[in-house]
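Undergrad: Going down the list, the protein sequences come from chains E and U. So the first sequence is numbered by our numbering: it starts at 1 and just counts up by one. So the second sequence is numbered by our numbering: it starts at 236 and just counts up by one. Think of the CB as a built atom: it goes at the ideal place given N, C-alpha and C, for glycine as much as any other residue. This is the structure I have questions about; it appears just below.
Protein chains: 2
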Amino acid sequence: MKNIIIASTSTLHNGSYLEYLLPLLENHFKKVSTILFIPYARPGGISHDSYTDKVRQVFSTINKKTKGIHEFDNPTEAIENAEGIFTGGGNTFVLVNELYRNNIIDSLENAVNKGTPYLGTSAGSNICGLTMNTTNDMPIVYPPSFRTLGFVSFNINPHYLDPDLNSTHMGETRETRINEFHSFNPQPVLGLREGSWLEVKGNSIKLKGDLTARLFRKNHSPEEINPDTELKDLK
Amino acid sequence: MKNIIIASTSTLHNGSYLEYLLPLLENHFKKVSTILFIPYARPGGISHDSYTDKVRQVFSTINKKTKGIHEFDNPTEAIENAEGIFTGGGNTFVLVNELYRNNIIDSLENAVNKGTPYLGTSAGSNICGLTMNTTNDMPIVYPPSFRTLGFVSFNINPHYLDPDLNSTHMGETRETRINEFHSFNPQPVLGLREGSWLEVKGNSIKLKGDLTARLFRKNHSPEEINPDTELKDLK
Chain E
1 MKNIIIASTS TLHNGSYLEY LLPLLENHFK KVSTILFIPY ARPGGISHDS YTDKVRQVFS
61 TINKKTKGIH EFDNPTEAIE NAEGIFTGGG NTFVLVNELY RNNIIDSLEN AVNKGTPYLG
121 TSAGSNICGL TMNTTNDMPI VYPPSFRTLG FVSFNINPHY LDPDLNSTHM GETRETRINE
181 FHSFNPQPVL GLREGSWLEV KGNSIKLKGD LTARLFRKNH SPEEINPDTE LKDLK
Chain U
236 MKNIIIASTS TLHNGSYLEY LLPLLENHFK KVSTILFIPY ARPGGISHDS YTDKVRQVFS
296 TINKKTKGIH EFDNPTEAIE NAEGIFTGGG NTFVLVNELY RNNIIDSLEN AVNKGTPYLG
356 TSAGSNICGL TMNTTNDMPI VYPPSFRTLG FVSFNINPHY LDPDLNSTHM GETRETRINE
416 FHSFNPQPVL GLREGSWLEV KGNSIKLKGD LTARLFRKNH SPEEINPDTE LKDLK
């Protein structure tokens with residue numbers, strides 16, 4: 001039975017890394033003593049080791065050990081044997097490129113579908129959707145595909161940002177970008193604001209946190225989704 | 236001899252489409268009676284016809300005819316025979332995908348290198364750099380490559396945006412994104428603010444407009460470049 005947290009962001013403004021999620025994670029990873037961390041998204045180009053150390057420090061406060069997937073000779077086995085998995089944020093293109101390069105897309109999909117508890121934040125959440133076509137990140141590397149893990153049957157837009165009505169900047173708003181996506185792709189896109197997450201338990205998918213989320217469906221007006229709404233039929 | 240305008244944006248806040256560039260374009264396209272327009276970037280998912288109509292309307296005010304490349308049976312011949320070429324903004328992934336799909340990367344490169352006057356705005360400017368890895372656009376389609384036309388030996392970041400110091404949003408700033416690019420790629424990136432453009436004449440590349448541009452080089456601190464600076468040695 002799937003057991004997944006798909007969080008918009010790791011960090012809230014004025015908060016520390018993973019702070020707002022920690023009480024939740026204590027329960028989510030209740031039966032887990034060592035978290036397998038996937039540091040591939042490398043925020044700011046940080047090394048796998050440094051990124052893993054940062055995560056290790058936080059998880060130690062809830063008495064979890066952390067091991068980076070890059071510390072294993074065989075990443076596929078690391079995933080198959082993992083008690084719990086966390087994929088951190090950073091650049092989604094870099095992350096997806098490494099997932100393909102290390103040939104672990106399928107094993108990650110299988111492990112999580114079979115019930116290994118998973119946490120994704122930001123880029124690590126983007127990959128829970130059908131494709132990474134709705135990432136906000138800059139395409140700094142060219143991955144072999146945009147197909148991702150499909151733990152939910154729609155796309156995620158993390159760090160969803162409402163249009164700034166006072167802006168004089170002429171670049172596209174997030175909403176415009178997602179509408180453009182729908183000129184070329186059919187699947188719904190859920191814009192998750194910072195502080196929101198999806199809780200996937202078996203077939204149930206629920207919006208959590210205090211905020212509404214913005215749902216974009218092809219040929220429909222966007223709508224606001226309330227916390228605790230069941231999204232299992234969204235596809 | 237190359238004769239190119241690489242503009243950050245087609246439209247300034249409170250301005251109309253191409254308005255601020257028109258006096259310049261009258262001279263740039265002085266010997267051109269019909270502009271070949273490449274509408275592939277489809278801003279907002281607009282059709283090729285509608286986009287071309289919008290451009291036609293503006294160019295008619297300086298007595299130029301406009302023909303969309305999609306109106307030709309053979310796009311390669313359209314480029315080879317063009318008197319002047321304009322590639323408009325929209326989504327860079329959609330644009331580059333169509334350039335490859337229609338197999339016109341090489342003919343576009345050849346025509347412009349041989350002297351056909353070219354104008355790019357936004358996505359149409361992104362493709363003048365070595366690669367499209369520094370676009371701001373959402374990756375709504377998967378192009379066969381990120382390699383672009385390389386009319387300049389660096390990358391362009393159009394609509395360059397300074398960090399908003401009052402923002403509480405945790406998504407990356409533009410500067411952070413470009414620094415991440417340099418963790419994986421060597422070439423310089425020029426952040427062109429809205430209202431700036433590059434004027435390429437033969438081997439000369441000069442920043443034009445009233446604003447400075449922000450230059451990012453791997454392992455260097457970013458620097459501000461003044462208007463009229465010669466950038467031909469930047470690579």
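1. Which residue wins for smallest C-alpha separation from I6(E), given the options S125(E), T212(E) and M132(E)?
2. Note down the Cα distance separating F321(U) from G355(U), rounded to an integer number of angstroms.
3. Looking at E318(U) and T269(U), is the spacing between their C-beta atoms short of 7 Å?
4. Of the choices K201(E), N219(E), G45(E) and G129(E), whose alpha-carbon is the least far from that of V152(E)?
5. At 9 Å on the CB atoms, spell out the chain U contacts of G44(E), in chain order.
6. Against chain E, with Cβ distances strictly below 7 Å, would N361(U) count as a contact?
7. How far does the beta strand (DSSP E) with A7(E) in it extend, from its first residue to its last?
8. State yes or no: is the C-beta of K302(U) within less than 7 Å of the C-beta of L271(U)?
9. Between the alpha carbons of E230(E) and I205(E), how many angstroms are there, rounded?
10. Between E429(U) and S243(U), is the Cβ-Cβ spacing less than 7 Å?
11. Let me know if M1(E) comes out buried or exposed under the rule of 16 or more other beta-carbons within 10 Å of its beta-carbon.
12. Going by DSSP, name the residue or residues bridged to L190(E).
13. Return the residue from the list P310(U), N345(U), N348(U) and P352(U) that minimises the CA-CA distance to L334(U).
14. With 7 Å as the threshold, decide whether the Cβ of P23(E) is near any Cβ in chain U.
15. Is it a yes or a no for the stretch 287–294 of chain U touching the stretch 341–353 of chain U, going by three-plus beta-carbon pairs under 8 Å?
16. Sort I239(U), Y377(U), D308(U) and G323(U) by Cα distance to L259(U) and report the nearest one.
17. Please state if the CB of N155(E) and the CB of V112(E) are separated by a distance shorter than 7 Å.
18. Of all Cβ atoms in chain A, is any one closer than 7 Å to the Cβ of F216(E)?
19. Can you tell me the Cα-Cα spacing of P443(U) and N461(U), whole angstroms?
20. Quick check: the stretch 408–422 of chain U against the stretch 173–193 of chain E, are there 3 or more CB pairs under 8 Å?
21. Residues in its own chain within less than 7 Å of N81(E) by CB, not counting five upstream and five downstream?
22. Please report the Cβ distance between L95(E) and Y40(E), rounded to the nearest whole angstrom; I am assuming they are in contact, meaning their Cβ atoms lie under 8 Å.
23. How many whole angstroms separate the CB atoms of M132(E) and T92(E), which I take to be in contact at a CB cut-off of 8 Å?
24. Quick check on the burial criterion: 16 or more other C-beta atoms within 10 angstroms. Buried or exposed for N97(E)?
25. If the cut-off is 8 Å on Cβ atoms, which residues from the stretch 146–168 of chain E count as contacting chain U, listed in chain order?
26. Which chain U residues are close to Y40(E), counting only those with a beta carbon under 9 Å from its beta carbon?
27. Have a look at E19(E) and T11(E) and give me their C-alpha separation to the nearest angstrom.
28. Do L323(U) and R277(U) have their C-beta atoms within less than 7 Å of each other?
29. How many Å lie between P379(U) and P143(E) at the Cα?
30. Would you give the residue range spanned by the alpha helix (DSSP H) that K443(U) belongs to?
31. Taking the alpha carbon of D228(E) as the point to measure from, which residue in R217(E), R214(E), D210(E) and F216(E) has its own alpha carbon closest?
32. For a quick check, are the C-beta atoms of R412(U) and M138(E) less than 7 Å apart?
33. With a 10 Å radius around its C-beta and 16 neighbouring C-beta atoms as the bar for buried, classify N262(U) as buried or exposed.
34. Quick check on this structure: which residue in V32(E), K31(E), H70(E) and K30(E) has the alpha carbon closest to the alpha carbon of H48(E)?
35. Determine, using beta carbons only, whether P158(E) and F29(E) come nearer to each other than 7 Å.
TA: This is what the structure gives:
1. As a first step, residue 6(E) is located in the first sequence; it is residue number 6 there, counting from the start. Among S125(E), T212(E) and M132(E), the Cα nearest to that of I6(E) is on S125(E).
2. As a first step, residue 321(U) is located in the second sequence; it is residue number 86 there, counting from the start. As a first step, residue 355(U) is located in the second sequence; it is residue number 120 there, counting from the start. When rounded, the distance between both Cα atoms is 6 Å.
3. Taking the second sequence and counting its residues from 1, the one referred to as residue 269(U) is at position 34. Taking the second sequence and counting its residues from 1, the one referred to as residue 318(U) is at position 83. A contact, by the Cβ cut-off of 7 Å.
4. For the purposes of this step, residue 152(E) is identified with residue 152 of the first sequence, where counting begins at 1. The candidate whose alpha carbon is nearest that of V152(E) is G129(E).
5. In the first sequence, counting from the first residue as 1, residue 44(E) sits at position 44. Chain U residues near G44(E): E407, T411, N414, E415 and S418.
6. Mapped onto the second sequence, residue 361(U) falls at position 126. So no, N361(U) is outside the interface.
7. Position 7 of the first sequence, counted from the first residue, corresponds to residue 7(E). It spans N3 to A7 - the beta strand (DSSP E) in which A7(E) sits, taken as one unbroken run.
8. If you number the second sequence from 1, residue 302(U) lands on position 67. If you number the second sequence from 1, residue 271(U) lands on position 36. Contact: yes.
9. One-based indexing of the first sequence puts residue 230(E) at position 230. One-based indexing of the first sequence puts residue 205(E) at position 205. Those two C-alpha atoms are separated by around 6 Å.
10. In the second sequence, the residue the question calls residue 429(U) occupies position 194. In the second sequence, the residue the question calls residue 243(U) occupies position 8. Yes, these two residues count as a Cβ contact at 7 Å.
11. If you number the first sequence from 1, residue 1(E) lands on position 1. Exposed: under 16 other Cβ atoms inside 10 Å.
12. Counting from one through the first sequence, the residue named residue 190(E) turns up at place 190. Note: L190(E) sits in a beta bridge opposite I156(E) and L215(E).
13. As a first step, residue 334(U) is located in the second sequence; it is residue number 99 there, counting from the start. Here the closest residue by C-alpha is P310(U).
14. Counting from one through the first sequence, the residue named residue 23(E) turns up at place 23. P23(E) does not count as touching chain U.
15. no
16. Start at 1 with the first residue of the second sequence, and residue 259(U) comes out as number 24. For the residues I239(U), Y377(U), D308(U) and G323(U), the minimum Cα distance to L259(U) belongs to I239(U).
17. The residue given as residue 112(E) occupies position 112 in the first sequence. The residue given as residue 155(E) occupies position 155 in the first sequence. No, these two residues do not count as a Cβ contact at 7 Å.
18. Reference to chain A is not applicable here, since the protein chains of this structure are E and U.
19. In the second sequence, residue 443(U) corresponds to position 208, counting from 1. In the second sequence, residue 461(U) corresponds to position 226, counting from 1. The sequence shown places Lys at residue 443(U), not Pro. The alpha-carbon atoms of K443(U) and N461(U) are separated by roughly 9 Å.
20. no
21. Locating residue 81(E) in the first sequence gives position 81, where the first residue counts as 1. Closer than 7 Å at Cβ, skipping near neighbours: no residue.
22. Counted from its first residue, the first sequence places residue 95(E) at position 95. Counted from its first residue, the first sequence places residue 40(E) at position 40. Right, the Cβ-Cβ distance comes to about 5 Å (below 8 Å), so this counts as a contact.
23. If you number the first sequence from 1, residue 132(E) lands on position 132. If you number the first sequence from 1, residue 92(E) lands on position 92. Right, the Cβ-Cβ distance comes to about 5 Å (below 8 Å), so this counts as a contact.
24. Walking along the first sequence from the start, residue 97(E) turns up at place 97. Buried.
25. F146, H159, L161 and T168
26. Taking the first sequence and counting its residues from 1, one reaches residue 40(E) at position 40. What Y40(E) touches in chain U: nothing, since even the nearest Cβ is about 12 Å away.
27. As a position in the first sequence, residue 19(E) is number 19, starting the count at 1. As a position in the first sequence, residue 11(E) is number 11, starting the count at 1. Answer to the nearest angstrom: the Cα atoms are 7 Å apart.
28. Position 88 of the second sequence, counting from 1, holds the residue named residue 323(U). Position 42 of the second sequence, counting from 1, holds the residue named residue 277(U). Here residue 323(U) is Gly; the residue named in the question, Leu, does not match the sequence. Cβ atoms of G323(U) and R277(U): not closer than 7 Å.
29. Position 144 of the second sequence, counted from the start, is the residue given in the question as residue 379(U). Position 143 of the first sequence, counted from the start, is the residue given in the question as residue 143(E). So the two alpha carbons sit approximately 11 Å from each other.
30. If you number the second sequence from 1, residue 443(U) lands on position 208. Here K443(U) belongs to no alpha helix (DSSP H); instead the beta strand (DSSP E) covers S439 to K443.
31. By one-based count along the first sequence, residue 228(E) stands at place 228. Closest by alpha carbon: D210(E).
32. For the purposes of this step, residue 412(U) is identified with residue 177 of the second sequence, where counting begins at 1. For the purposes of this step, residue 138(E) is identified with residue 138 of the first sequence, where counting begins at 1. Yes, the Cβ-Cβ distance between R412(U) and M138(E) is below 7 Å.
33. In the second sequence, residue 262(U) corresponds to position 27, counting from 1. Its Cβ having fewer than 16 others within 10 Å, N262(U) is exposed.
34. Counting from 1 along the first sequence, the entry for residue 48(E) is found at position 48. Measuring from the Cα of H48(E), the nearest candidate turns out to be H70(E).
35. Here residue 158(E) refers to the residue found at position 158 when the first sequence is read from its first residue. Here residue 29(E) refers to the residue found at position 29 when the first sequence is read from its first residue. No, they are not a contact pair.
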